[in-house]
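A.B. asks: So the first sequence is numbered by this note's numbering: it starts at 48 and just counts up by one. In this text, a Cβ means the ideal position worked out from N, Cα and C, and glycines have one as well. For clarity, every value in this text was computed on a predicted model and none was experimentally measured. Please see the structure below; I have some questions.
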Amino acid sequence: MRRTNTCGDLRAEDLGKKVCLQGWVRFSRDHGGVAFIDLADRYGITQIVFDPEDLPEGTDIARISDTMRTFTRESVVSIDGVVRKRVEGTEDGRNPTGEIEVLITDAELLNRSAAPPFELGDQKEGVLPNEDVRMKYRYLDLRRTEMIQAMEFRSRLVHLARQYLDQNGFLEIETPILGRSTPEGARDYVVPSRVHPGMFYALPQSPQQFKQMLMVASMDRYYQVARCFRDEDSRKDRQPEFTQLDLEMSFVDMEDLQEMMEGMVSHIWKGIYGKDLQTPFPHIAYRDAMERFGSDKPDMRYGLEFVKLTDVVRDAPYKIFQNILAEGGIVAGMNLKADIAGDKVGRNDVDRYINYAKKVGLGGLTWMRCVNGQLESNIVKYFTPEILENIKTAMGVEEGDLLFIVAGPWKATYESAGFLRKKIAEDLGIVPEDEFQFFWMDQCPMFEIDPVSGKYDAFHHPFVLPQNDLDDEYVGGACFDLCLNGNELGSGSLRIHNVDMQKAVFRKLGMDDERIERSFGYFVEMLSYGAPPHGGIAIGIDRLCAILLGKDTIREVIAFPKNKRAMSLLDGSPSKIDDDKLEELQIISLAGDFDLGDFDEIEEIE
RNA sequence: GCCCUGGUAGUGUAGCGGCCUAUCAUGAAGCCCUGUCGAGGCUUCGACUCGGAUUCGAAUUCCGACCAGGGCGCCA
């Protein structure tokens, strides 16, 4: 018989219906006479009951019973039966189908399952196997309710994004997966060309250049759910291949782009949670984000802000600070207020944080505690009473407060202090769990100067429109990041549409004209054919889904992710390929079991 | 390239120099059971990642490798 219903949709209204359900045997309970099966599919679980005393005349009870004996856990089976009410008092309120059950009248084993390597049923926390086991049997892992829900959530989210962009006149256009390797940025994944031996395509790190070309091509509004590839080491929020919602618009300013994104996120929000999301999102300038929170993607859902103390302690006869200030460094403090931290952070904890501070790159960590109205610590003797008073005022110190003070070069010190802030907040448990705070981080610089080489690097990328003259001491870039709860979801910018400006930026980044022509010639030329003012943004779908679902890693929202070492335990990729394939591509591998014997042979052929 | 954490039956764990012929749960196999729902009861099966070293004795200590995860670098 053909399936009439899924395992999620029968209710009390369906009483008496003849149905056919097909699904997986999640649990079975044989009571000797009556027996139960929890039949599961993507939509839910329905209880099947084998009740020999209640079966209609002429039913082949032995046949059903024998068939059911072949049903191992996770086997796929087909069940014919009649919907009936459960026995009074045995309804299951946790299950939407819990009022009814299907009285089995016929059964068929569609395909037997071997004993699954781990438990697939919904159960208490902490009994999942190691991730490598889940990855090896991902097709079973995905059978779990939690994974089904993650896939449903992601599908819904992407659908809503498409719906919104479509309503706003965007064209969904696919850009090439096989492209040209670019010298800048992340390492490319590379694909050899058979037709052109010795030549390679590269998989895109992002559709950046193609989407700009689409603007020049007058497409005006483009988007794509774009797979991107980066051959860099992974993290819990970084995979070798990941998905970006990528879009580009012509004749817009930064506000237009941000409003479009706010509209899209709100649309998603409404569609998923049924609630309105507060827009516009707040903004924070890059410099403020760094100086107040020690991060360019700060989690602002909790306090522990830094206060600049550089001027307050400038005249303190404390050698460590004096040396740092002489080199142009900064001093900043964080006040752990008595009510949230004062009592919970004892002397041992302070030592622990000093060690942690050193681990994350700070030279050290100065602390002071306000006891009986006075700042106390091992180093207060190096500060005059007046300076101590000024610190108290600047930091708003009250009785019992604990101060942590960091010092050093601007960027490195704030970055490290940001790690410390996060660690303290997590230790104190003051990070809100179910609060989602979107915001824009903007007013970024166009360039960063590498402290080692002294070379200019693009802060975002070299296609960002500079906000002022490139010869000015500070050059701003028309770029911004969308952040959520301490994570970067994506970044956007207005792009350069003028040939000369684009060349000038490349030169500022240390490329000579020959290099610009070789690497970006086609791109620069494109700008000379009436490139409109344009800009765009790309946001990470994996990260957005993971954060909204409260997952620790984006692997939980990707059907078939790679592991930490960029391998798939499921299909065993990457893998060696056959020698004849290599030969066809005219490629010799120097890795692994390469041996000189083979090499001699090849030389002889030549 | 570097740092940190971990590796015990199919799965999750306890044990952390001799009480280990290694705990418990789950699972698998078999039997019993007519209202369960992660059913229950009984029986059985099944493991110390690998290689060195220390020691009378190593799952346990040390060194190295491998594997997994987290982080730094890297990710314009």
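According to DSSP, what are the bridge partners of Asn-52?
C.D. replies: Its beta-bridge partners are Leu-68.
A.B. asks: Can you round the beta-carbon distance between Phe-494 and Tyr-503 to whole angstroms, since I take them to be within the 8 Å contact cut?
C.D. replies: Confirmed, Cβ separation roughly 5 Å.
A.B. asks: Where does Gly-91 sit, in a helix, a strand or coil, going by DSSP?
C.D. replies: If DSSP states are grouped into helix, strand and coil, Gly-91 belongs with the strands.
A.B. asks: Out of Ile-195, Lys-183, Arg-50 and Asp-179, state which residue places its alpha-carbon closest to the alpha-carbon of Gly-91.
C.D. replies: Of the listed residues, the one whose Cα sits closest to Gly-91 is Ile-195.
A.B. asks: I'd like to check one pair, Ala-233 with Gln-277: are the Cβ atoms closer than 8 Å?
C.D. replies: Here residue 277 turns out to be Arg, not Gln, going by the sequence shown. Contact: yes.
A.B. asks: Short of 7 Å in beta carbon distance, which residues of its chain neighbour Asp-599, apart from the five on each side in sequence? Order them along the chain.
C.D. replies: So the list reads Lys-283, once near-sequence residues are dropped.
A.B. asks: Measuring only the C-alpha atoms, how far is Ile-147 from Asp-56?
C.D. replies: One C-alpha to the other measures close to 11 Å.
A.B. asks: Which term fits Gly-393, buried or exposed, when burial requires 16 or more other beta carbons within 10 angstroms of its beta carbon?
C.D. replies: By the neighbour-count rule (16 or more Cβ atoms within 10 Å), Gly-393 is not buried but exposed.
A.B. asks: Pull up the distance between the alpha-carbon of Val-72 and that of Ile-477, whole angstroms please.
C.D. replies: Looking at the two C-alpha atoms, the distance is approximately 43 Å.
A.B. asks: Give me the DSSP bridge partner(s) of Ser-265.
C.D. replies: DSSP output for Ser-265 lists no bridge partner at all.
A.B. asks: Between Tyr-333 and Thr-119, what straight-line distance do the alpha-carbon atoms span, to the nearest angstrom?
C.D. replies: Computed Cα separation, rounded: 58 Å.
A.B. asks: Do Leu-536 and Trp-487 come within 8 Å of each other at the CB atom, strictly closer than that value?
C.D. replies: Cβ distance not < 8 Å, so Trp-487 and Leu-536 don't count as in contact.
A.B. asks: In whole angstroms, what separates the C-alpha of Ser-112 from that of Glu-121?
C.D. replies: Computed Cα separation, rounded: 18 Å.
A.B. asks: Please report the distance separating the alpha-carbon of Asn-534 from that of Leu-212.
C.D. replies: In a straight line, the C-alpha of Asn-534 is about 24 Å away from that of Leu-212.
A.B. asks: Report the option in Glu-630, Gly-376, Glu-352 and Arg-203 whose CA atom is closest to the CA atom of Lys-317.
C.D. replies: Taking only the C-alpha atoms, the option nearest Lys-317 is Arg-203.
A.B. asks: Would Leu-156 and Thr-117 qualify as a contact pair, given that the criterion is a beta-carbon distance under 8 Å?
C.D. replies: Taking 8 Å as the Cβ cut-off, Leu-156 and Thr-117 qualify as a contacting pair.
A.B. asks: If you draw a straight line from the alpha carbon of Ala-464 to that of Val-354, how long is it in whole angstroms?
C.D. replies: Approximately 12 Å, taken between the alpha carbons.
A.B. asks: What does DSSP give as the partner residues of Val-238 in its beta bridges?
C.D. replies: Answer by DSSP bridge pairing, in chain order: Tyr-248.
A.B. asks: Cα-Cα, which of Leu-616, Gln-325 and Gly-455 is closest to Gly-661?
C.D. replies: This structure cannot speak to residue 661, because the chain is shown only from 48 to 653.
A.B. asks: If you compare alpha carbons, which of Met-296, Val-96, Met-308 and Ile-452 is closest to Tyr-365?
C.D. replies: Taking only the C-alpha atoms, the option nearest Tyr-365 is Ile-452.
A.B. asks: At a cut of 8 Å, does the stretch 236-243 reach the stretch 174-184 through at least three beta carbon pairs?
C.D. replies: The stretch 236-243 vs the stretch 174-184: no contact.
A.B. asks: Which stretch, first to last residue, makes up the beta strand (DSSP E) that contains Gln-421?
C.D. replies: 421-423 is the extent of the beta strand (DSSP E) around Gln-421.
A.B. asks: Quick one: any contact between the stretch 544-559 and the stretch 354-363, if contact means 3 or more CB pairs under 8 Å?
C.D. replies: The stretch 544-559, when compared against the stretch 354-363, does not touch it at the 8 Å Cβ threshold.
A.B. asks: Kindly provide the ranges of any beta strand (DSSP E) runs that are 3 or more residues long and lie completely inside the stretch 262-331, ordered along the chain.
C.D. replies: Listed in chain order, they are 268-276 and 288-297.
A.B. asks: Does the stretch 574-589 come close enough to the stretch 245-265 to have 3 or more Cβ pairs within less than 8 Å?
C.D. replies: At 8 Å Cβ cutoff, the stretches touch.
A.B. asks: Under the assumption that Met-381 contacts Arg-468 (Cβ atoms under 8 Å), give the Cβ distance between them as a whole number of angstroms.
C.D. replies: Rounded, the Cβ-Cβ distance is 7 Å, consistent with contact.
A.B. asks: Taking buried to mean at least 16 other C-beta atoms within 10 Å of its own C-beta, is Gly-587 buried or exposed?
C.D. replies: Buried, by the Cβ-count rule.
A.B. asks: Could you round the C-beta distance between Glu-603 and Ala-613 to whole angstroms and report it? I think they count as a contact, below 8 Å.
C.D. replies: Rounded, the Cβ-Cβ distance is 18 Å, inconsistent with contact.
A.B. asks: So, at 6 Å on beta carbons, what are the nonlocal neighbours of Tyr-236 in its own chain, with the 5 sequence-adjacent residues on each side left out?
C.D. replies: The residues are Leu-250, Phe-276 and Asp-278.
A.B. asks: Three-state secondary structure (DSSP) at Glu-653?
C.D. replies: Only weak support exists for where Glu-653 lies, its pLDDT of 33 falling under 50; the value from the coordinates is given anyway. Residue state, collapsed to three classes: coil.
A.B. asks: What's the gap between the Cα of Gly-539 and the Cα of Met-308?
C.D. replies: So the two alpha carbons sit approximately 10 Å from each other.
A.B. asks: For Gly-644, does the three-state DSSP call read helix, strand or coil?
C.D. replies: Bear in mind that the predicted position of Gly-644 carries a pLDDT of just 45, short of 50, making it unreliable; the figure below should be weighed with that in mind. Looking at Gly-644 - three-state DSSP - the assignment turns out to be helix.
A.B. asks: Beta-carbon separation of Leu-383 and Leu-449 under 8 Å?
C.D. replies: A contact, by the Cβ cut-off of 8 Å.
A.B. asks: For the alpha helix (DSSP H) holding Ser-540, just list the boundary residues, first then last.
C.D. replies: Premise fails: Ser-540 lies in the beta strand (DSSP E), 534-541, not in any alpha helix (DSSP H).
A.B. asks: Measuring straight from C-alpha to C-alpha, what distance separates Arg-274 and Gln-291?
C.D. replies: Whole-angstrom Cα-Cα distance: 6 Å.
A.B. asks: Using a Cβ distance threshold of 8 Å, determine whether the stretch 93-113 contacts the stretch 139-154, with at least three qualifying pairs required.
C.D. replies: Touching, yes.
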